[in-house]
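> First the structure, then my questions, so here it is.
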Amino acid sequence: MIRPSVLLFAFVISAPALYRYVLDQLDLTDVLIRFIIAVPIAALLLAALRFVTAGYGRTDDEEPEGTPVTPTPVDVHEVEKPA
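Under full-length UniProt numbering, the very last position in the sequence shown is 83; numbers go up by exactly one each time.
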(Lines of atoms letter the chains of each structure in order from A and count residues from 1; the text may use other names and numbers.)
(Lines give C-alpha, C1' and ligand atoms only; values in the text may rest on other atoms or scores of the structure.)
Protein backbone atom coordinates (compact mmCIF):
# COMPACT_ATOMS: atom_id res chain seq x y z
CA MET A 1 0.00 0.00 0.00
CA ILE A 2 1.36 3.39 -0.97
CA ARG A 3 1.20 6.04 1.71
CA PRO A 4 -0.58 9.30 0.88
CA SER A 5 2.55 11.24 1.79
CA VAL A 6 4.44 9.38 -0.96
CA LEU A 7 1.81 10.27 -3.54
CA LEU A 8 1.78 13.90 -2.41
CA PHE A 9 5.57 14.11 -2.57
CA ALA A 10 5.54 12.47 -6.02
CA PHE A 11 2.97 15.01 -7.14
CA VAL A 12 5.21 17.83 -5.89
CA ILE A 13 8.20 16.32 -7.70
CA SER A 14 6.25 16.03 -10.96
CA ALA A 15 4.51 19.41 -10.61
CA PRO A 16 6.73 21.14 -13.21
CA ALA A 17 5.65 18.58 -15.79
CA LEU A 18 2.01 19.21 -14.92
CA TYR A 19 2.58 22.94 -15.29
CA ARG A 20 4.12 22.39 -18.71
CA TYR A 21 1.05 20.32 -19.64
CA VAL A 22 -1.19 23.23 -18.67
CA LEU A 23 0.86 25.47 -21.00
CA ASP A 24 0.49 22.88 -23.83
CA GLN A 25 4.19 22.12 -23.91
CA LEU A 26 3.88 18.41 -22.92
CA ASP A 27 1.51 15.56 -23.69
CA LEU A 28 -0.54 13.93 -20.97
CA THR A 29 1.37 10.66 -21.40
CA ASP A 30 4.66 12.41 -20.65
CA VAL A 31 3.18 13.91 -17.49
CA LEU A 32 1.86 10.53 -16.33
CA ILE A 33 5.18 8.81 -17.08
CA ARG A 34 7.02 11.42 -15.03
CA PHE A 35 4.54 10.93 -12.18
CA ILE A 36 4.95 7.15 -12.32
CA ILE A 37 8.74 7.58 -12.21
CA ALA A 38 8.43 10.03 -9.31
CA VAL A 39 6.42 7.62 -7.13
CA PRO A 40 9.23 5.11 -6.37
CA ILE A 41 11.75 7.92 -6.02
CA ALA A 42 9.48 9.65 -3.50
CA ALA A 43 8.95 6.35 -1.67
CA LEU A 44 12.69 5.79 -1.35
CA LEU A 45 13.38 9.34 -0.19
CA LEU A 46 10.62 9.30 2.42
CA ALA A 47 11.65 5.83 3.62
CA ALA A 48 15.19 7.12 4.12
CA LEU A 49 13.83 10.12 6.01
CA ARG A 50 11.72 7.85 8.22
CA PHE A 51 14.74 5.62 8.86
CA VAL A 52 16.91 8.57 9.90
CA THR A 53 14.28 10.12 12.17
CA ALA A 54 12.95 6.84 13.66
CA GLY A 55 15.05 7.03 16.83
CA TYR A 56 14.35 10.65 17.72
CA GLY A 57 12.19 11.15 20.78
CA ARG A 58 12.60 7.61 22.10
CA THR A 59 13.82 7.10 25.66
CA ASP A 60 14.92 3.90 27.35
CA ASP A 61 13.06 3.17 30.57
CA GLU A 62 16.08 1.47 32.11
CA GLU A 63 18.33 4.52 32.09
CA PRO A 64 17.78 7.29 34.62
CA GLU A 65 16.51 10.55 33.24
CA GLY A 66 19.31 12.56 34.78
CA THR A 67 22.28 12.44 37.10
CA PRO A 68 21.27 12.63 40.75
CA VAL A 69 22.95 15.55 42.49
CA THR A 70 23.05 16.17 46.23
CA PRO A 71 22.73 19.88 46.95
CA THR A 72 25.34 21.39 49.21
CA PRO A 73 24.57 24.48 51.25
CA VAL A 74 26.50 27.60 50.30
CA ASP A 75 27.22 30.31 52.83
CA VAL A 76 25.89 33.61 51.55
CA HIS A 77 28.94 35.50 52.85
CA GLU A 78 31.33 33.39 50.76
CA VAL A 79 29.69 34.31 47.45
CA GLU A 80 31.16 37.40 45.85
CA LYS A 81 28.75 40.05 44.75
CA PRO A 82 29.03 41.18 41.11
CA ALA A 83 30.44 44.64 40.51
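Glycine is no exception: its CB is placed at the ideal position from the N, C-alpha and C atoms.
By how many angstroms is the C-alpha of ARG3 removed from the C-alpha of LEU46?
Roughly 10 Å between the two C-alpha positions.
> On a Cα-Cα basis, can you pick out the residue from ARG34, PRO73 and GLY55 that is closest to VAL12?
Checking every option, the nearest Cα to that of VAL12 belongs to ARG34.
> Kindly list the residues whose CB is nearer than 7 Å to the CB of ILE37, restricted to its own chain and excluding five residues on each side of it in sequence; keep chain order.
Correct list: empty, nothing qualifies.
> Just mark ALA42 as buried or exposed, buried being the case when its beta carbon has 16 or more other beta carbons within 10 Å.
The residue is buried, with at least 16 neighbouring Cβ atoms inside 10 Å.
> If distances are taken between C-alpha atoms only, which option among ARG50, LEU26, LEU28 and GLY55 comes closest to SER5?
Comparing Cα-Cα distances from SER5 to each of ARG50, LEU26, LEU28 and GLY55, the minimum goes to ARG50.
> So ARG20 is in the alpha helix (DSSP H); what residue range does that whole segment cover?
Element bounds for ARG20: 15-22.
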